[in-house]
Amino acid sequence: MTLVVMLSISVHAQRGVRIAYIDTEYILENVPEYQEAMSQLDDKAQKWKNEIQGKLSEIAQKRKDLSNEKVLLTNELIEEREEDIMFEEKEILDYQQKRFGPNGDLMIQQKQLMQPIQDQIFAAVQDMAESRKYDFIFDKSADVVMLYSAERFDISDQVLRAITRSSKRRQAQNKAQRKAAEEEETVPEINEEQEAREKALEEKKEARESAVEKRRQEILAAREAKKKEAEARRQKILEEREKAKQAKLEERNKTTASKTENEATKEETSKSTDTTTKTRAELIEENRKKKLAEREARKKELEERKRKILEERKKALEEKQKVRDSINNSK
4 MTLVVMLSIS VHAQRGVRIA YIDTEYILEN VPEYQEAMSQ LDDKAQKWKN EIQGKLSEIA
64 QKRKDLSNEK VLLTNELIEE REEDIMFEEK EILDYQQKRF GPNGDLMIQQ KQLMQPIQDQ
124 IFAAVQDMAE SRKYDFIFDK SADVVMLYSA ERFDISDQVL RAITRSSKRR QAQNKAQRKA
184 AEEEETVPEI NEEQEAREKA LEEKKEARES AVEKRRQEIL AAREAKKKEA EARRQKILEE
244 REKAKQAKLE ERNKTTASKT ENEATKEETS KSTDTTTKTR AELIEENRKK KLAEREARKK
304 ELEERKRKIL EERKKALEEK QKVRDSINNS K
């Protein structure tokens, strides 16, 4: 379909193709009679749904009751009730198909509502195409893929006004109202020269906006490139500074380590010399102090043993004295 349209457009391109489009969904949303009828149909559909849901709930309850009562019923009664439930379930499913199936009441009534307004839209589009010399009028809501559509080609509001005027004419109750509706129904002729000027101005405007946007993008790209270049230079300088800093730090660490090793060697040598000197000079004194300490310790130990022996003797004498006193008192 799209290929055929494109070929047709290319054939008529040399003489200037006039194209427009409509949005059927937009038109339907703004037709009061259609919206009112659809609202009534939605209410009816909801009523059918509630009715079906209620019957399905009753069937589910019957199944539950049968499941609870099976232990009290004979096999024949169980089979009979199951058949009744299946029959009722089939009836409600058939009823659901009748209301909501592909050929059900809902679809039929939707078509009945759609057909008159579709006929009005088609008639209005035909009149507008003939009077304004359009070669193609597309439906934005249909299967034709419209990747872009300029608003100046949208004639949905004009079709909607034509439908409204037609409705007013049908509902006119007197001659004055019918005449006013017929005058309002007249479709204004197109001024091709003016439209060509408007189209040229629109194209120039779009070209100017495109050039401005392109220039803006180029400026932004150049600015971003400069920003990245400056960031790269800054990063390189920081890396070079960090390398120089690390090199100085390593050199300083090497110097410090060398000094530390030299100082440690000197200190070790000094300690070794001091230890040797100290050992030779004070060895005898240390041995003498050690012997004096050992002698003092033995002396303290002897004193302690002597004190304990005296205390034990004193306790023994006291015990003997107590025994004597006790014997004397008993006599």
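Sequential numbering of the sequence shown, starting at 4, is according to the numbering used here. The beta carbon of each residue, even a glycine, is placed where N, CA and C say it ideally should be.
C-beta atoms of residue i and residue j nearer than 8 Å
i      : j      : result
Lys73  : Ile81  : yes
Thr27  : Ser144 : yes
Ile22  : Val162 : no
Asp108 : Lys101 : yes
Ile158 : Ile124 : no
Glu85  : Leu69  : yes
Lys65  : Ile88  : yes
Gln155 : Glu216 : Per the sequence shown, the amino acid found at residue 155 is Arg instead of Gln. No.
One or two residues paired with residue i in a DSSP bridge
i      : result
Ala23  : Ile140
Asp157 : Tyr24
Distance between beta carbons of residue j and residue i, contact taken as under 8 Å
i      : j      : result
Ile140 : Ala132 : 6 Å
Leu59  : Ile95  : 6 Å
Leu44  : Gln112 : 6 Å
Leu116 : Ala40  : 5 Å
Val20  : Asp138 : 5 Å
Closest residue to residue i among the options (Cα-Cα distance)
i      : options                          : result
Glu92  : Asn256, Gln56, Ile124 and Gln43  : Gln56
Asp142 : Lys136, Ile88, Arg135 and Gln121 : Gln121
Tyr37  : Phe90, Val326, Gln129 and Pro119 : Pro119
**Q.** Entirely enclosed beta strand (DSSP E) segments - the region 195–229, minimum 3 residues
**A.** none
Q.
List, from N- to C-terminal side, the alpha helix (DSSP H) runs of 4 residues or more that fit wholly inside the region 76–135.
A. 78–103 and 108–135
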